Amino acid sequence: MLAELMKLLSTKREEERSAREAEKSKAERDRAEKARREAEEKREAERKLGVERERTRCLKRDEKYTNSKTWTTELAFERFKAILLAEEFAKFAFSDSAPLTFEALPWPMIAKPGTYNVDDISPDKVRAFFASTACVNAKTDAYPSPSEYRKYLLKQSLLAFHEDKMVRRISTVGDPSLRQRISDAAKTVTQTLNELTG
């Protein structure tokens with residue numbers, strides 16, 4: 002009887018110890034989950050703030066083009082070159098706090114910025130951009146031949162939209178749907194550029 006009592010007491014102590022450990026473990030899991038949620042909320046808030054900062058930066062960059070009363074292919078071409086060839090785009094470190102936005106990319110489009118979105122990027126529009134007189138007739142001191150300058154621009158565009166570089170940039174886009182649509186549009190541009198250089 003004493004042995005049974007001791008066994009019951011030991012069992013009760015073991016159950017109490019197990020209950021305390023389970024409670025402690027649950028509290029630790031709850032704290033870890035709360036910390037994870039708070040970190041995710043903070044990261045999302047930083048991302049939203051970063052998106053707004055990046056959009057504002059792009060709008061300010063584009064002011065000198067979009068403030069024109071008449072939108073022309075020449076303005077579209079100048080804007081494209083300014084974004085594509087600017088060191089800030091090639092070297093910009095996109096991150097969660099400075100995510101890639103649609104406006105940051107040098108989309109080869111004739112349309113005025115703000116009048117088109119990611120779903121408007123198409124092979125025909127990319128071809129039209131590179132076939133525009135502004136692009137076909139452009140030249141520089143370094144590229145006095147328009148055809149050589151056009152080849153240079155096509156090459157630089159391919160580098161800008163190259164999948165290896167775009168994967169990292171696109172990964173900073175918080176909205177999965179937008180991320181996929183930007184990825185698809187970038188692939189459309191790359192495929193069309195490959196066609197134009199081939």
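In terms of this note's numbering, the numbers along the sequence shown are unbroken and rise by one, the last being 199.
No residue lacks a Cβ here, since even glycine has one placed at the ideal position from N, Cα and C.
Quantities reported herein were computed from a predicted structural model and do not represent experimental measurements.
query                                                                                          : result
Short Cβ contact (8 Å threshold) for PRO107 with PHE81                                         : yes
GLY51 (DSSP reduced to helix, strand or coil)                                                  : helix
Integer-rounded CB distance, given that THR189 should sit under 8 Å from PRO202                : Residue coverage of the chain in this structure runs from 2 to 199, which leaves residue 202 outside it and unanswerable.
C-beta contact flag for SER146 and LYS140 at 8 Å                                               : yes
Cβ-Cβ separation, LEU155 to PHE131 (assumed contact under 8 Å), whole Å                        : 7 Å
Separation of ALA87 from ARG30, as counted between CA atoms                                    : 48 Å
Delimiting residues of the alpha helix (DSSP H) encompassing ASP165                            : 164-171
Local Cβ density within 10 Å of THR71, reported as buried at 16 or more and exposed below that : exposed
Residue from LYS65, ALA186, LYS61 whose Cα sits closest to the Cα of LYS126                    : ALA186
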